[in-house]
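Note that my numbering has the sequence shown beginning at 925, numbered continuously upward. C-beta: ideal position from N, C-alpha, C; glycine also. One structure is given here, and the rest of the page talks about it.
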Amino acid sequence: MSLARAFGTALNITATSLDSQATLVNNYTEAEANLKELKDLCCTILHKVDRIVFNFPHAGFIFRENTDYMIELHKKLVRGFLRNARDMLKTNGEIHKRAYPFSKWNIEELGSENGLRLVGETEFYRWQYRGYMNKRGSGAKCNETFPVGLASTFKFADVSAV
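The following block contains the structure:
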């Protein structure tokens, strides 16, 4: 949404969701209005699809974030994502994470393990993306936001394409 608003059009943007449209509207209070705005901006909208950009990956709430066990679970999640995303990657994909304990995920190394090369890292500021709202994603608090804190956009490219 924030990119579509920034550009004034979503003609070249495809918005995807893993959930069905009905599930989105049922679970997220602003989903229906957001879908209408995207449609009005000429966005292609696909439901029940998972694609390349993975903002704020999270393996769940089993233990505290800074435990070795949780760090390994998060690394396993990101590693699997990168492995699968590489085959779909044309130029670059993005992952947003930084700061302890996320810095312990060694995201550059996880990309390298999957044939990807880090081509850039920029600081991520939510205020730069008007309308951007992160959500918890599942459970009773799925419609609530969470603190973003220090975050970066990591840009990866297939090593054979660079």
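Can you give the Cα-Cα distance for residue i and residue j, rounded to whole angstroms?
| i | j | result |
| --- | --- | --- |
| K1000 | E1033 | 12 Å |
| C1066 | F987 | 18 Å |
| N990 | F1005 | 21 Å |
| Y952 | A1085 | 38 Å |
| W921 | R1003 | Since the displayed the chain opens at 925 and closes at 1086, residue 921 lies outside it and no answer follows. |
| R1050 | V1043 | 22 Å |
| L1040 | I1031 | 11 Å |
| T947 | K972 | 10 Å |
| H998 | D992 | 10 Å |
| E1045 | V1083 | 16 Å |
| G985 | L965 | The question names Gly, yet the displayed sequence has Phe at residue 985. Looking at the two C-alpha atoms, the distance is approximately 36 Å. |
| A930 | T968 | 17 Å |
| P1071 | S1036 | 29 Å |
Excluding sequence positions up to five away, which residues of its chain have a Cβ less than 7 Å from the Cβ of residue i?
| i | result |
| --- | --- |
| T1069 | M1057, N1058, K1059 |
| F1048 | H1020, A1075, S1076, T1077 |
| S926 | Y1053, R1054, G1055, Y1056 |
| G1063 | none |
| A928 | A934, I937, L962, L965, C967 |
Going by DSSP, which residues form a beta bridge with residue i?
| i | result |
| --- | --- |
| L1042 | F1080 |
| E1047 | S1076 |
| L970 | T940 |
Tell me which same chain residues have a C-beta within less than 6 Å of the C-beta of residue i, skipping the five on either side of it?
| i | result |
| --- | --- |
| N1038 | L1006, R1007, R1010 |
| E956 | V949 |
Please work out which residues of its chain come closer than 8 Å, Cβ to Cβ, to residue i, disregarding the five sequence neighbours upstream and downstream, and give them in chain order.
| i | result |
| --- | --- |
| L970 | T938, A939, T940, S941 |
| S1124 | This structure gives no information on residue 1124, because the portion of the chain shown stretches from 925 to 1086. |
| E954 | M1057 |
**Prompt:** So, do the region 959 to 973 and the region 926 to 946 have three or more beta carbon pairs nearer to each other than 8 Å?
**Reply:** Contact holds: three or more Cβ-Cβ distances are below 8 Å.
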